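Chemist: Chains A and B are the protein sequences, given in the same order.
Anchor point for the first sequence: position 459 equals 458 in numbering that gives the first Met the number 0, and the numbering is continuous, going up by one each time.
Anchor point for the second sequence: position 249 equals 248 in numbering that gives the first Met the number 0, and the numbering is continuous, going up by one each time.
Sharing a structure below in structure tokens format, with a few things to ask.
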Amino acid sequence: MTAQTALLSLLRQELERNFAVLRQQPQPAYYIGYQVTQLQTTVLEAQAGKLRRSAQQHSRWLDVDVRVGSYELDNTRPLQEAWSFVDRSGAVQLPLGDDAQALRHLLWQATADAYERAAERYAKVIASRSVRVQEGDSVPDFSREPPQRRQRLVPPLRLDTSLWARRLRELSASFAPHPWIYSHRITLQATSAQKFLVNSEGTELAWGENSIFLTIAAQTRADDGMELPLYRAYFAFRPEELPSPDSIRADIESMIELLRRLREAPVLETYSGPAILSGEAAGVFFHEILGHRVEGHRQKDPQSAQMLRDLLGKQILPPFLDVIFDPTRRYRDGIPLAGSYEFDDEGVPAQQVVVVERGVLRNFLMNRTPIAEFRRSNGHGRRQPGAQVVARQSNLLVVAHQSLSPQELRERLREECRRQGKDFGLLFKVVEGGFTFTTRTIPNAFNVMPLVVYRVYVDGRPDELVRGVDLIGTPLTTFANIIAAGSDIGVFNGLCGAESGNIPVSASSPSLLVSRIEVQKKAKSDERLPILPPPSVQSP
Amino acid sequence: MRYLLLLCGVLSVCAAQVWQPPRTEMVFRAMEQELRRAQQNLRSEGAPAPYYIEYRLQYRAALVAQAVLGELVESNESQRATLTVAVRIGTPELDNTNLAAPSFLLFGGASPRETYRQRTIPIELSDTLLRRELWLATDAAYKDAVEQYGRKLNILRSQLRRDTTPDFRLLPAEELFDTLAVSTFPRALAERLCRELSAIFRQYPEFTASAVSFEYLPTQTWYANTEGRRAVKTELFTGLEVVAYAQANDGTLLAQYYSAYARTPAELPSLDSLRQAVTEVAQRLRAQRSASALEETYVGPVLFEGRAAGELIAQVLVPQLLLHREPLSDAPVFTTRAQGLARRIGSRILPEFLSLRAAPCQRWFRQTPLVGSYCVDDEGVRANTVQVVEKGVLRQLLSTRVPTRWLARSNGHNRAGAPMVGVLELIPGEGSGSVLERQQLRQYFLQLLRQRELPYGILVRSVMNLNIAQTVLARASLGKYPSFAREGSLPIVAAFRVYPDGREELLQPCDAVGITVRSLRDILAVSREQTPYNYLAPAAAAGSEVPYLPVSIVTPDIVLEEVEVRPREGSVPKPPLVSPPFIERR
Numbered sequence: 000m001t002a003q004t005a006l007l008s009l010l011r012q013e014l015e016r017n018f019a020v021l022r023q024q025p026q027p028a029y030y031i032g033y034q035v036t037q038l039q040t041t042v043l044e045a046q047a048g049k050l051r052r053s054a055q056q057h058s059r060w061l062d063v064d065v066r067v068g069s070y071e072l073d074n075t076r077p078l079q080e081a082w083s084f085v086d087r088s089g090a091v092q093l094p095l096g097d098d099a100q101a102l103r104h105l106l107w108q109a110t111a112d113a114y115e116r117a118a119e120r121y122a123k124v125i126a127s128r129s130v131r132v133q134e135g136d137s138v139p140d141f142s143r144e145p146p147q148r149r150q151r152l153v154p155p156l157r158l159d160t161s162l163w164a165r166r167l168r169e170l171s172a173s174f175a176p177h178p179w180i181y182s183h184r185i186t187l188q189a190t191s192a193q194k195f196l197v198n199s200e201g202t203e204l205a206w207g208e209n210s211i212f213l214t215i216a217a218q219t220r221a222d223d224g225m226e227l228p229l230y231r232a233y234f235a236f237r238p239e240e241l242p243s244p245d246s247i248r249a250d251i252e253s254m255i256e257l258l259r260r261l262r263e264a265p266v267l268e269t270y271s272g273p274a275i276l277s278g279e280a281a282g283v284f285f286h287e288i289l290g291h292r293v294e295g296h297r298q299k300d301p302q303s304a305q306m307l308r309d310l311l312g313k314q315i316l317p318p319f320l321d322v323i324f325d326p327t328r329r330y331r332d333g334i335p336l337a338g339s340y341e342f343d344d345e346g347v348p349a350q351q352v353v354v355v356e357r358g359v360l361r362n363f364l365m366n367r368t369p370i371a372e373f374r375r376s377n378g379h380g381r382r383q384p385g386a387q388v389v390a391r392q393s394n395l396l397v398v399a400h401q402s403l404s405p406q407e408l409r410e411r412l413r414e415e416c417r418r419q420g421k422d423f424g425l426l427f428k429v430v431e432g433g434f435t436f437t438t439r440t441i442p443n444a445f446n447v448m449p450l451v452v453y454r455v456y457v458d459g460r461p462d463e464l465v466r467g468v469d470l471i472g473t474p475l476t477t478f479a480n481i482i483a484a485g486s487d488i489g490v491f492n493g494l495c496g497a498e499s500g501n502i503p504v505s506a507s508s509p510s511l512l513v514s515r516i517e518v519q520k521k522a523k524s525d526e527r528l529p530i531l532p533p534p535s536v537q538s539p
Numbered sequence: 000m001r002y003l004l005l006l007c008g009v010l011s012v013c014a015a016q017v018w019q020p021p022r023t024e025m026v027f028r029a030m031e032q033e034l035r036r037a038q039q040n041l042r043s044e045g046a047p048a049p050y051y052i053e054y055r056l057q058y059r060a061a062l063v064a065q066a067v068l069g070e071l072v073e074s075n076e077s078q079r080a081t082l083t084v085a086v087r088i089g090t091p092e093l094d095n096t097n098l099a100a101p102s103f104l105l106f107g108g109a110s111p112r113e114t115y116r117q118r119t120i121p122i123e124l125s126d127t128l129l130r131r132e133l134w135l136a137t138d139a140a141y142k143d144a145v146e147q148y149g150r151k152l153n154i155l156r157s158q159l160r161r162d163t164t165p166d167f168r169l170l171p172a173e174e175l176f177d178t179l180a181v182s183t184f185p186r187a188l189a190e191r192l193c194r195e196l197s198a199i200f201r202q203y204p205e206f207t208a209s210a211v212s213f214e215y216l217p218t219q220t221w222y223a224n225t226e227g228r229r230a231v232k233t234e235l236f237t238g239l240e241v242v243a244y245a246q247a248n249d250g251t252l253l254a255q256y257y258s259a260y261a262r263t264p265a266e267l268p269s270l271d272s273l274r275q276a277v278t279e280v281a282q283r284l285r286a287q288r289s290a291s292a293l294e295e296t297y298v299g300p301v302l303f304e305g306r307a308a309g310e311l312i313a314q315v316l317v318p319q320l321l322l323h324r325e326p327l328s329d330a331p332v333f334t335t336r337a338q339g340l341a342r343r344i345g346s347r348i349l350p351e352f353l354s355l356r357a358a359p360c361q362r363w364f365r366q367t368p369l370v371g372s373y374c375v376d377d378e379g380v381r382a383n384t385v386q387v388v389e390k391g392v393l394r395q396l397l398s399t400r401v402p403t404r405w406l407a408r409s410n411g412h413n414r415a416g417a418p419m420v421g422v423l424e425l426i427p428g429e430g431s432g433s434v435l436e437r438q439q440l441r442q443y444f445l446q447l448l449r450q451r452e453l454p455y456g457i458l459v460r461s462v463m464n465l466n467i468a469q470t471v472l473a474r475a476s477l478g479k480y481p482s483f484a485r486e487g488s489l490p491i492v493a494a495f496r497v498y499p500d501g502r503e504e505l506l507q508p509c510d511a512v513g514i515t516v517r518s519l520r521d522i523l524a525v526s527r528e529q530t531p532y533n534y535l536a537p538a539a540a541a542g543s544e545v546p547y548l549p550v551s552i553v554t555p556d557i558v559l560e561e562v563e564v565r566p567r568e569g570s571v572p573k574p575p576l577v578s579p580p581f582i583e584r585r
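Listed below in structure tokens is the structure:
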């Protein structure tokens, strides 16, 4: 018996033993799921030619999901209470070896703990039903899915740590001669995750997810105190897929040059008018504005604004755009996509989901929490170990059915500027990420944080780098203003943080022309530059 | 532990821990260059230049392992380098410090200023890189100092300063070295030790959880300031912590623990002693599951034995011995850090037959290493032996370089930025009738019960340590075991009913309530024999930059005249509905 089969069988034995008792209780458990995530992580970080951090960790985490009640009504039913949907029980750290006694004892302890919490919450749900108006009462709390049985572990990553430590030292040394870059670091994080999932419905899965993020972060400050950060991230499934050191070095050199220019760039005042979002920027834009609003569980949460729910089947984007979430896709234009996986964290096979088709909203991202319109999961239940699974994004792909060349897109921007009587439009080249609010109590706005923005002049002057703005707006208005797409594709790989923790995602898109966007001044520090010159330029 | 080291000699495959601190000459060269540069040129328009700057660089390697039921759950090695900078502007009479100035950042806000306390810097350092880090941290510390100084002057425009003690006192240059050769420890041995000890709990399947964790943390610290003070010191710390957690038949939450702290792994008790200690923990917990609870509150004499007496002193007395200065503030709510016993200097706080001495540089007590010991403190000041209490009368508290109206100079007790005990010895006086041999003390206690016609008395052998409760026990019990004691309450985990005829009966956990430092005046008698007790003291509450610091207490057994001991009350979680897996298999 292989180690993985032995582990699955041990999980099964302990699950069955606990389930046999807990299903007989007055508050019966009707579902138990055990997910084991075995992580091997290497982190190397360098600064100015020296190693800043070096860590290798091996850990194994257990998440126990116990559901009390029935598929129709259980302990996870959202309540009108603060953080009602979020149950951060925290994962239990399991032994790294396969000794049955040690493992089964911890499984038992964690199951008892999870059942106690589930039973307590179920009692609250029942009490709440008798005194409150129910929303979406007829919709079950948990979908029925066919059991899955597969073992597809992938070999863990083999990373030559001394080679990479040397490489990162060498690459980070490129920053050393530039003392006005106040902080910088190059970080390599390689993670091999082996996941095992067993549940009381008969699912028995073992699969693997390997990922490598190489990130470069550097920051300077303008004379007026404004912080000017730049980031660059590379994602790969295998070390060989990362760019060559020469290519990374070239990227670092252009980052340094861009930082130098940003320090001297003028501050953009408030602006409202046409703009091009680069593919990468448009990807983040869609991730924030659309992606978080099509996460299915939000449509059931009474605290969520659920603003897209009534728009199913209606036009929300121009007819030349599709928005697809596809965890089964590993590359776009040869670039690895971080939001890829084979099974989601509820053991449902990953599926492609066309959320917007020809501009019409067709679907939501679903985990096993049904809503009135969609009763089944489409393989988007995800979590970081320790959090409760909710519907999350995977690989967001914006697909344009008609597109313009980059030159044609710029020309359209100028035309639009002329039409609106503007001297210039904006080009958002690089963005850092963003955030959005989806609840009812806070206005449903978004904020995308650009790092590199250019003024594109109507009269043909060269583009001018500017700084100091955030891209803001309200979702539906902004969707309606997209008027054209480019033929290029930009990919943003990163970590998305939400209720169920940090998970890797990607967002890719062609460049998009928006007839009207709004920017507001970025929150700026008034911190002065260091008083003394850096030590390296002054003799001791 | 000798056994383990010998084993490593045989198995030459053991990989050693990484210990690669920067070179001392390089560190001091970089620090001196940046101190000089900052002292000569660092000045913001309209603000005073610094009159004092200090740097503290710390390099630490950590080897951490944990096992449950004979299986490893964690085994990691890491290194970390941190830098702390302090800048003073104004004059020693009145500078930017001793100001309570809370700052609030709104949602999403982050201070754009570089960090300068416990700033993480690369583990590999060059002269250029260290100077860059010092430059940025000094700049940030200076800017904060300028703002604090402005706020302080502003407060003084509207408030009369009652406490006119100077803010600082400059000292002459001095160089202090307290370094040791650091021997690294093979990770395989740490893992093996945890596995072997935790496997003992396999014989106790009825327990809900158990864990054994080990850590070895060699640390090197470099200190330099603008007075010309220089210090380098090596501190070694090894910890072995064992916890077991269960529920009594009536649902009461039970926990037992054992801890052994030393400087090096080789100084830990022998493997046989450790095995025995773990077995005792397990047996006591098993016995406690069916032990009786106190039916009602007990009020009467209590005997604290061995390590329990150490924990009593740790929780009741240690936090009161630290000399803090009351900071200036325009928001009184932020000035309430306990003044400890400062106002009682010259008064009797212990019985006449007891004295208290802080001897931070004392390395051993008989055969036991004292982990709280150090000879140079974190301000580069020589650690002084301090007679804290002399024949019951409080003479001096433990101070740093922050002058107070009670003590203007440091006695070398700055640990990670705040005053903290290192080694404390409670010394029974010679020739007093209240200082008895251990056996006589017990007889005295029984006699006391008979005199007072009490049906029984309470003997305490273990008090829960707060660090254990908040870290390894909290993790092992999945947060179920209460990790905070109520104010003024001492959580007793091994209390015994002692009948006047000497019989003992283990009780379920209970709490001693209302014990304050005043209660210690009523110590009736102590044993002549003292027990060393090493533990990790909560340090953040005293203003330290780190959550816990190793402290050593040497104390006799103690009989307190009157203590209120209450049974644990309130609801308890129901025991798990499913029985543990091994019991079923048996």
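Every residue gets a Cβ at the ideal spot worked out from N, C-alpha and C, and that includes glycine.
Note that this is a predicted model, so its numbers are computed, not measured.
Does the Cβ of B:Q39 have 16 or more other Cβ atoms within 10 Å, making it buried, or fewer, making it exposed?
Modeler: Flag for B:Q39 reads exposed.
Chemist: List the residues of chain A whose Cβ lies closer than 8 Å to the Cβ of B:R130, in chain order.
Modeler: Simply P534 and S535.
Chemist: Hey, how far is the Cα of A:Q406 from the Cα of A:R418?
Modeler: Distance between the alpha carbons of A:Q406 and A:R418: 19 Å.
Chemist: A:E226 versus chain B: which residues are under 9 Å apart at the beta carbon?
Modeler: Residues of chain B passing the Cβ test: P111.
Chemist: Between A:A274, A:G201 and A:S182, which lies nearest to B:R131 when the distance is taken from Cα to Cα?
Modeler: That would be A:S182, whose Cα lies nearest to the Cα of B:R131.
Chemist: Counting along the chain, where does the alpha helix (DSSP H) carrying B:D271 start and finish?
Modeler: Where B:D271 is concerned, the enclosing alpha helix (DSSP H) stretches over L270 to R288.
Chemist: Does any CB atom of chain B fall closer than 8 Å to the CB of A:H291?
Modeler: Not one chain B Cβ lies under 8 Å of A:H291.
Chemist: Got a sec: which bits of the region 518-533 of chain A sit with their beta carbon under 7 Å from any beta carbon on chain B, in order along the chain?
Modeler: Cβ contacts with chain B come from S524, E526, P529, I530, L531 and P533.
Chemist: With burial defined as no fewer than 16 other Cβ atoms inside 10 Å of the residue's Cβ, what is the status of A:K520: buried or exposed?
Modeler: Answer is exposed; the Cβ neighbour count stays below 16.
Chemist: For A:F313, does the count of other Cβ atoms within 10 angstroms reach 16, so buried, or fall short, so exposed?
Modeler: For the record, residue 313 of chain A in the displayed sequence is Lys; it is not Phe. Per the 10 Å Cβ criterion, exposed.
Chemist: Hey, is B:I426's beta-carbon within less than 8 Å of any beta-carbon in chain A?
Modeler: False, the Cβ-Cβ gap to chain A never drops below 8 Å.
Chemist: In angstroms, rounded to a whole number, what distance separates the CA positions of B:V375 and B:V550?
Modeler: Their backbone Cα atoms lie some 15 Å apart in a straight line.
Chemist: Checking 8 Å against the spacing of the C-beta atoms, do A:Y270 and A:L425 come in under that value?
Modeler: Contact: yes.
Chemist: Can you name the residues of chain B whose CB is closer than 7 Å to the CB of A:N366?
Modeler: Correct list: empty, because the minimum Cβ distance to chain B is about 25 Å.
Chemist: When you compare the CB positions of A:L408 and A:I323, do they come within less than 8 Å of one another, or not?
Modeler: Their beta carbons are not under 8 Å apart, which means A:L408 does not touch A:I323 by this criterion.
Chemist: So, A:L187 versus A:L156, is the Cβ gap smaller than 8 Å?
Modeler: Taking 8 Å as the Cβ cut-off, A:L187 and A:L156 do not qualify as a contacting pair.
Chemist: Spatial neighbours of B:D138 within its chain, please: C-beta separation below 8 Å, excluding the five flanking residues on both sides.
Modeler: Closer than 8 Å at the Cβ level, and outside the excluded window around B:D138, lie L41 and E113.
Chemist: Counting only C-beta atoms, is B:S398 closer than 8 Å to chain A at any point?
Modeler: Closer than 8 Å: no.
Chemist: Can you have a look at B:Y480 and say buried or exposed, based on whether 16 or more other CB atoms are within 10 angstroms of its CB?
Modeler: Burial call: buried.
Chemist: When the Cα of A:T202 is compared with those of A:G32, A:F373 and A:Y233, which residue comes out closest?
Modeler: Residue A:G32 is the option with its Cα nearest to A:T202.
Chemist: Does DSSP put A:V124 in a helix, in a strand, or in coil?
Modeler: Note: A:V124 maps to helix in three-state DSSP.
Chemist: How far does the alpha helix (DSSP H) with A:H286 in it extend, from its first residue to its last?
Modeler: Looking at the DSSP string, the run of the alpha helix (DSSP H) that includes A:H286 is G278 to I288.
Chemist: Could you tell me whether the region 144-154 of chain B touches the region 44-53 of chain B, using the rule of 3 or more Cβ pairs below 8 Å?
Modeler: Contact holds: three or more Cβ-Cβ distances are below 8 Å.
Chemist: Rounded to the nearest angstrom, what separates A:N17 and A:L9 at their Cα positions?
Modeler: Roughly 13 Å separates the two Cα atoms.
Chemist: For B:P165, which residues of its own chain have a beta-carbon under 7 Å away from its beta-carbon, when the five flanking residues on both sides are left out?
Modeler: Contacts found: P91, E92 and P402.
Chemist: Can you list the residues of chain A that B:N40 reaches, using a CB-CB cut of under 7 Å?
Modeler: Chain A residues near B:N40: L531.
Chemist: Once DSSP output is grouped into helix, strand and coil, what is the label at A:N492?
Modeler: It is a strand residue.
Chemist: Measure from the alpha carbon of A:G207 to the alpha carbon of each residue in A:Q150, A:E252 and A:R166, then state which is nearest.
Modeler: Per the Cα distances, A:Q150.
Chemist: For A:I247, tell me which candidate among A:Y230, A:A19 and A:R262 has the shortest Cα-Cα distance.
Modeler: Of the candidates A:Y230, A:A19 and A:R262, the one whose C-alpha sits nearest the C-alpha of A:I247 is A:Y230.
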